[in-house]
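Going by UniProt numbering, the residue at position 114 of the sequence shown is 114; the numbering climbs one at a time, nothing skipped. Just so it is clear, CB atoms sit at the ideal spot from N, CA and C, and this is done for glycine as well. Report on the structure given below.
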Amino acid sequence: MRLWHEQLISKLPRQQLLGQHREIAALRGNGWGKKHATVNYVFNYSPYKLYQFHLLVMHEMQRRGYRPNKKWFDPLYRGIHCDPYMILKKCSITNPIYPEHNDSYLKECLSNLASKGIVL
């Protein structure tokens, strides 16, 4: 499980983009707070930041003609197997959304993709 650097979202191949959507959906749902080495940093922030990141992914999906379930556009929604948030305080969007998505992380993501034969 990995959140790709946000600068890569618009360049990701189909498989990685759709996989990113599934992984974020899992994190927004019952996966929230469950430790995973490559995404632990998201738990240091409000779940609203993950929603903001998810919007980037879903807008790119729509741009490519995919139709993510409209329910995911609601920041309170957490999937069919998880109760929604009753309240979730909005937070300002930052650039990058996660400060961990720095130049070093971008290089790490590009290297990971290259190891899969994907050169962006």
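C-beta contact flag for residue i and residue j at 8 angstroms
| i | j | result |
| --- | --- | --- |
| residue 47 | residue 58 | no |
| residue 50 | residue 24 | yes |
| residue 106 | residue 113 | no |
| residue 30 | residue 81 | yes |
| residue 4 | residue 109 | yes |
| residue 1 | residue 38 | yes |
Bounding residues of the alpha helix (DSSP H) (the contiguous stretch that carries residue i)
| i | result |
| --- | --- |
| residue 61 | 47 to 63 |
| residue 103 | 103 to 115 |
| residue 9 | Per DSSP, residue 9 belongs to no alpha helix (DSSP H) and is neither H nor E. |
Same chain, Cβ closer than 8 angstroms to residue i, neighbours up to 5 away in sequence not counted
| i | result |
| --- | --- |
| residue 73 | 55, 58 |
Residue nearest to residue i in terms of C-alpha spacing, selected from the options
| i | options | result |
| --- | --- | --- |
| residue 93 | 61, 6, 115 | 6 |
| residue 45 | 86, 99, 117, 103 | 99 |
Spatial neighbours of residue i in its chain, beta-carbon cut-off 6 angstroms, leaving aside the 5 residues before and after
| i | result |
| --- | --- |
| residue 53 | 97 |
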